[in-house]
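Just so we're aligned, residue 62 is where the sequence shown starts under the numbering used here, counting upward by one. Ideal placement from N, C-alpha and C gives every residue a C-beta, glycine not left out. This one's a predicted model, so the numbers in the text were calculated from it and none came from an experiment.
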Amino acid sequence: MQASQAAAKTPGKTQFRGLKGLKKQRRIQVIALAFVALALATGLIGYAMRDGINFFRSPTEVVETPPAAGEVFRIGGLVEDGSLVRGTGTTVTFRVTDTNESVPVSYTGVLPDLFAEGQGMIALGQMEGGTFVATEVLAKHDETYMPKEVVDALKEQGVYQDPEG
Numbered sequence: 062m063q064a065s066q067a068a069a070k071t072p073g074k075t076q077f078r079g080l081k082g083l084k085k086q087r088r089i090q091v092i093a094l095a096f097v098a099l100a101l102a103t104g105l106i107g108y109a110m111r112d113g114i115n116f117f118r119s120p121t122e123v124v125e126t127p128p129a130a131g132e133v134f135r136i137g138g139l140v141e142d143g144s145l146v147r148g149t150g151t152t153v154t155f156r157v158t159d160t161n162e163s164v165p166v167s168y169t170g171v172l173p174d175l176f177a178e179g180q181g182m183i184a185l186g187q188m189e190g191g192t193f194v195a196t197e198v199l200a201k202h203d204e205t206y207m208p209k210e211v212v213d214a215l216k217e218q219g220v221y222q223d224p225e226g
């Protein structure tokens, strides 16, 4: 009887295999759950950023694929030469172009200092009756822009090269 009691007190090989199997199964469940949570989080982030992924639409994209009614988006391109008309107060109208298509824009507010015909711009707003009504206008500067302080420092060092000549 002592031998049978000793055998009952010490776990057999089948019990160890059972514990190893449970640990392995538990580890697989945790990994699968973590993968599902990661996939879900990635999907939610992508869904939340679906409108913010494109920085702006070109006039060609706006003409070819008109936005939904009331949809707020950004349009970007060049201010068409000869299209800038200042109205009463702070209202201005102009056309934004990408050289293929152009879209009329109306904006009420103070334009940025760098805003000019032939220059790049991005506007935030929505289409209303064929005209893009902007709530915000940003002017883009060219890639050769350098702050005055940097230009002065480069001139002092004798290494400044004028980008126009």
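Distance from G170 to V140 at the Cβ level is roughly 15 Å; contact not present, criterion being Cβ atoms closer than 8 Å. V212 counts as exposed, since fewer than 16 other C-beta atoms from the protein chains shown sit within 10 angstroms of its C-beta. Rounded to whole angstroms, the Cβ separation of F193 and A184 is 7 Å, and the two are in contact under 8 Å.
G138 is positioned such that its CB atom lies closer than 8 Å to that of S119. For P165, the uninterrupted beta strand (DSSP E) run begins and ends at 163-169, by DSSP. T126 and D142 have their C-alpha atoms spaced approximately 25 Å apart.
In the DSSP assignment, T192 falls within the beta strand (DSSP E) that extends over 192-200. In the structure shown, V140 adopts extended strand secondary structure according to DSSP, grouped into three states.
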